[in-house]
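**Q** Counting in my numbering, the sequence shown runs from 1 upward without gaps. Glycine is no exception: its CB is placed at the ideal position from the N, C-alpha and C atoms. Could you have a look at this structure, given as structure tokens, before my questions?
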Amino acid sequence: MILVSLLHADMQAVDLYLTVFSTPQFRVIRCDELNPGYTDAATQQVAVYDNYHHSHGEQQEILSYVHASFVPLIVIGAPENPPAAARFCLRAGAAEYLLRPAAPRLLVRRTRYLAARYWSAALHSAGSGSLMAGISGAAPMRTPGPCTEVGDPMQAVRQKIERYAARTDPIVITGESGVGKDVAARRIHALSPRCNGPLVPINCGAIPEQLFESEMFGVVRGAFTDSCTRTGAVRSADKGTLFLDEVAELSPAGQAALLRVLEQRSVRAVGADKPVPVDFRLIAATNKDLWSQVEAGRFREDLYYRLMVLHIELPPLRHRKGDIPQLLQEFLELDFPDTPVRFSAAAVAAMVRYDWPGNIRELRNMVNRAVVDSESCCIEPSQLSLPGTSGFTALSDWAGVHRLEQHDL
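What follows is the structure in structure tokens.
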């Protein structure tokens with residue numbers, strides 16, 4: 001059961017949240033102080049705090065004692081609050097910051113997700129034995145954001161994301177395929193002063209070289225046969241964030257064009273007479289060692305130094321296996337919200353033992369396959385395509401897995 005503790009809520013808010021959390025999975029109470037003792041092996045407590053009627057000092061005091069209580073906190077903020085308000089709450093210990101009025105399904109989903117962190121933390125600290133062992137004494141991970149930012153190896157990453165989000169310098173995110181580089185980019189944008197602007201993602205490896213300039217910089221009508229006016233990715237990202245995934249795949253001409261835009265802070269569409277000023281924050285990602293690409297002559301050194309101002313390295317899933325139970329919960333809620341299915345403790349243990357060469361993408365692919373193929377509500381190890389289980393099918397072409405459609409985690 002999930003206990004939802006409403007902090008300093010008036011009766012109107014209590015009535016609202018009783019409606020939102022109306023299923024038997026939840027119990028709702030109103031309180032002025034949290035009691036961490038309510039959380040045990042059968043109950044996970046999540047606090048919800050609507051801060052509309054408290055001063056900044058009162059909010060800071062409440063956030064401080066909630067953070068010390070080891071209970072995950074969702075803050076509901078007013079839509080007119082500046083982005084700094086969200087950053088303040090997240091840095092003070094809140095696990096989530098949602099804008100009022102929060103969509104009921106979103107609030108329920110995030111509450112379930114935060115409750116699942118207790119399960120994940122217990123497995124990570126216990127290392128073996130029962131999945132629920134030590135759950136009442138385990139503090140939930142205090143990461144503000146999606147499921148790929150939770151376990152101990154991710155704490156330094158989380159801190160970097162929070163620090164770097166407030167800056168305007170370019171960021172390069174590196175890591176193996178499938179570790180969630182796009183998720184980290186979205187999180188940086190969400191915490192940044194540009195969060196109200198657009199986030200424009202571009203897969204550099206998917207743009208044909210002959211179309212690079214028109215896709216990136218736009219095109220004016222009549223520039224070439226049958227051409228129509230297009231804004232282009234860079235201008236679309238004005239006052240927001242441009243996310244270049246697989247940046248190491250840029251052609252030499254594409255690298256030169258990108259360097260020119262970064263230096264001049266302006267862009268000229270194909271067929272246009274003059275450049276247009278642009279204001280965007282650049283985040284790039286790659287699964288390759290960019291400096292090795294420079295040494296091999298495949299990546300411009302001057303562009304490397306333009307991009308590599310701030311750097312975040314995401315660890316592979318095999319180095320953060322304590323996150324796996326929480327990831328499973330997240331994938332089930334996102335992909336199968338109406339399917340009553342779960343993974344047995346033995347199945348979770350089998351997944352923790354596996355090294356996941358395809359990282360989070362492989363894990364999610366396996367979850368989808370197991371749920372679709374399952375004829376019961378509880379998935380056992382024999383139903384998983386993992387080494388050491390009777391349902392294992394070898395998957396050697398991880399380039400193919402890399403080409404799978406990316407999901408919003």
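If you follow the alpha helix (DSSP H) that L259 is in, where does it begin and where does it stop?
**A** By 1-based counting over the sequence shown, the position of residue 259 is 259. Segment P252 to Q264, the alpha helix (DSSP H) holding L259.
**Q** Check L99 in the structure and name its three-state DSSP category.
**A** Taking the sequence shown and counting its residues from 1, one reaches residue 99 at position 99. Reduced to three states, the DSSP call for L99 is strand.
**Q** Just tell me which of I188, A92 and H56 has its CA closest to the CA of L73.
**A** In the sequence shown, counting from the first residue as 1, residue 73 sits at position 73. The candidate whose alpha carbon is nearest that of L73 is A92.
**Q** Looking at C-alpha atoms only, which residue of T19, Q59 and Q25 is the closest neighbour of D32?
**A** On the sequence shown, position 32 is the one that residue 32 refers to. Checked all of T19, Q59 and Q25; the closest Cα to D32 is Q59.
**Q** Leaving out five residues before and five after V14 in sequence, what residues of the same chain have Cβ atoms less than 7 Å from its Cβ?
**A** What you label residue 14 is simply residue 14 of the sequence shown in a count that begins at 1. Here the set comprises L6 and R30.
**Q** In whole angstroms, give me the CA-to-CA distance for E362 and G180.
**A** Here residue 362 refers to the residue found at position 362 when the sequence shown is read from its first residue. Here residue 180 refers to the residue found at position 180 when the sequence shown is read from its first residue. Cα-Cα distance, rounded: 11 Å.
**Q** Spatial neighbours of T19 within its chain, please: CB distance less than 7 Å, with the 5 preceding and 5 following residues excluded, ordered by chain position.
**A** The sequence position of residue 19 within the sequence shown is 19, counting from 1. Excluding positions up to five away in sequence, the list is empty.
**Q** Any idea what DSSP makes of L384, helix, strand or coil?
**A** Counted from its first residue, the sequence shown places residue 384 at position 384. Note: L384 maps to coil in three-state DSSP.
**Q** Any idea what DSSP makes of C378, helix, strand or coil?
**A** Residue 378 sits at position 378 when you count from the first residue of the sequence shown. The answer is strand: DSSP assigns C378 an E or B state.
**Q** Just to confirm the assignment: which complete alpha helix (DSSP H) runs, minimum length 4, are found wholly within the region 302–364?
**A** As far as the region 302–364 is concerned, its whole alpha helix (DSSP H) runs of at least 4 residues are 324–335 and 345–353.
**Q** What residues match up with V4 in a beta bridge as DSSP calls it?
**A** Within the sequence shown, the letter at position 4 stands for residue 4. V4 is bridged to V28 and V46.
**Q** With DSSP as the reference, please indicate the residues paired to A285 in a beta bridge.
**A** Residue mapping note: residue 285 aligns to position 285 of the sequence shown, counting from 1. Note: A285 sits in a beta bridge opposite I173.
**Q** Quick check on the burial criterion: 16 or more other C-beta atoms within 10 angstroms. Buried or exposed for Q211?
**A** Taking the first residue of the sequence shown as 1, we reach residue 211 at position 211. Per the sequence shown, residue 211 should be read as Leu rather than Gln. Counting Cβ neighbours within 10 Å, L211 comes out exposed, since fewer than 16 surround it.
**Q** For D338, is the classification buried or exposed, using 16 other Cβ atoms within 10 angstroms of its Cβ as the cut-off for buried?
**A** Here residue 338 refers to the residue found at position 338 when the sequence shown is read from its first residue. Counting Cβ neighbours within 10 Å, D338 comes out exposed, since fewer than 16 surround it.
**Q** Suppose you measure from the CA of D10 to the CA of N196; what does that come to, to the nearest Å?
**A** Residue mapping note: residue 10 aligns to position 10 of the sequence shown, counting from 1. Residue mapping note: residue 196 aligns to position 196 of the sequence shown, counting from 1. C-alpha separation (whole angstroms): 30 Å.
**Q** Starting from T241, trace the beta strand (DSSP E) in both directions and tell me its first and last residue.
**A** As a working note, residue 241 is residue 241 in the sequence shown. Where T241 is concerned, the enclosing beta strand (DSSP E) stretches over G240 to D245.
**Q** Would the C-beta of A47 count as close to the ligand ADP, meaning under 7 Å from any of its heavy atoms?
**A** No copy of the ligand ADP occurs in the structure displayed, which carries no ligand at all.
**Q** Determine the contact status of A206 and I188, defining contact as a CB-CB distance below 8 Å.
**A** Counted from its first residue, the sequence shown places residue 206 at position 206. Counted from its first residue, the sequence shown places residue 188 at position 188. Not in contact: A206 and I188 (Cβ atoms no closer than 8 Å).
**Q** Do you know whose CA, among P357, A84, V220 and V200, lies nearest D238's CA?
**A** Sequence index remark: in the sequence shown, residue 238 carries index 238 (1-based). Cα-wise, what sits closest to D238 is V200.
**Q** What three-state label does DSSP hand G57 in the structure shown?
**A** Here residue 57 is taken as the residue at index 57 of the sequence shown, counted from 1. G57 falls in the helix class under three-state DSSP.
**Q** If we ignore side chains and look at the alpha-carbon of each, how far apart do V28 and P104 end up?
**A** Residue mapping note: residue 28 aligns to position 28 of the sequence shown, counting from 1. Residue mapping note: residue 104 aligns to position 104 of the sequence shown, counting from 1. Using only the alpha carbons, I get a separation of about 15 Å.
**Q** Helix, strand or coil for N203? Go by DSSP, reduced to three states.
**A** Here residue 203 refers to the residue found at position 203 when the sequence shown is read from its first residue. It is a strand residue.
**Q** I'd like the span of the beta strand (DSSP E) that includes L410, first residue to last.
**A** The structure shown has nothing for residue 410, since the chain only spans 1 to 409.
**Q** Beta-carbon separation of R109 and E333 under 8 Å?
**A** Walking along the sequence shown from the start, residue 109 turns up at place 109. Walking along the sequence shown from the start, residue 333 turns up at place 333. Against a cut-off of 8 Å, the Cβ pair of E333 and R109 comes out as a contact.
**Q** Please report the distance separating the alpha-carbon of P24 from that of L327.
**A** Numbered from 1 along the sequence shown, position 24 holds the residue referred to as residue 24. Numbered from 1 along the sequence shown, position 327 holds the residue referred to as residue 327. Spanning the two alpha carbons is a distance of roughly 23 Å.
**Q** What did DSSP end up calling R194 once you bin it into helix, strand or coil?
**A** On the sequence shown, residue 194 is found 194 positions in, with the first residue counted as 1. R194: coil per DSSP, three-state reduction.
**Q** Name the two residues that bound the continuous alpha helix (DSSP H) containing L18.
**A** Along the sequence shown, read from residue 1 onward, the residue named residue 18 stands at position 18. Where L18 is concerned, the enclosing alpha helix (DSSP H) stretches over M11 to V20.
**Q** R265 and V276: beta carbons closer than 8 Å?
**A** Taking the sequence shown and counting its residues from 1, one reaches residue 265 at position 265. Taking the sequence shown and counting its residues from 1, one reaches residue 276 at position 276. Not closer than 8 Å, so no.
**Q** For R235, name the three-state secondary structure that DSSP assigns.
**A** Working through the sequence shown from its first residue, we reach residue 235 at position 235. R235 falls in the helix class under three-state DSSP.
**Q** Do the region 281–288 and the region 239–259 meet, that is, are 3 or more Cβ pairs less than 8 Å apart?
**A** The answer is yes - the region 239–259 touches the region 281–288, with three or more Cβ pairs under 8 Å.
**Q** How many Å lie between F217 and V352 at the Cα?
**A** As a working mapping, residue 217 is identified with position 217 in the sequence shown. As a working mapping, residue 352 is identified with position 352 in the sequence shown. Using only the alpha carbons, I get a separation of about 45 Å.
**Q** Distance check for V261 and L114, CA to CA, integer angstroms please.
**A** Position 114 of the sequence shown, counted from the first residue, corresponds to residue 114. Position 261 of the sequence shown, counted from the first residue, corresponds to residue 261. Answer to the nearest angstrom: the Cα atoms are 41 Å apart.
**Q** In the DSSP assignment, what residue or residues form a beta bridge with F280?
**A** Translated into the one-based positions of the sequence shown, residue 280 becomes position 280. The partner list for F280 (beta bridge, DSSP) reads G240.
**Q** Assign G297 to one of two classes, buried (16 or more other C-beta atoms within 10 Å of its C-beta) or exposed (fewer than that).
**A** Sequence index remark: in the sequence shown, residue 297 carries index 297 (1-based). Counting Cβ neighbours within 10 Å, G297 comes out exposed, since fewer than 16 surround it.
**Q** Within 10 Å of its beta-carbon, does K321 have 16 or more other beta-carbons around it, so buried, or fewer, so exposed?
**A** Residue numbering aside, residue 321 sits at position 321 when the sequence shown is read from its first letter. That one is buried.
**Q** Determine the extent of the beta strand (DSSP E) in which L412 is found, giving its start and end residues.
**A** Outside the displayed span of the chain (1 to 409) sits residue 412, for which this structure offers no information.
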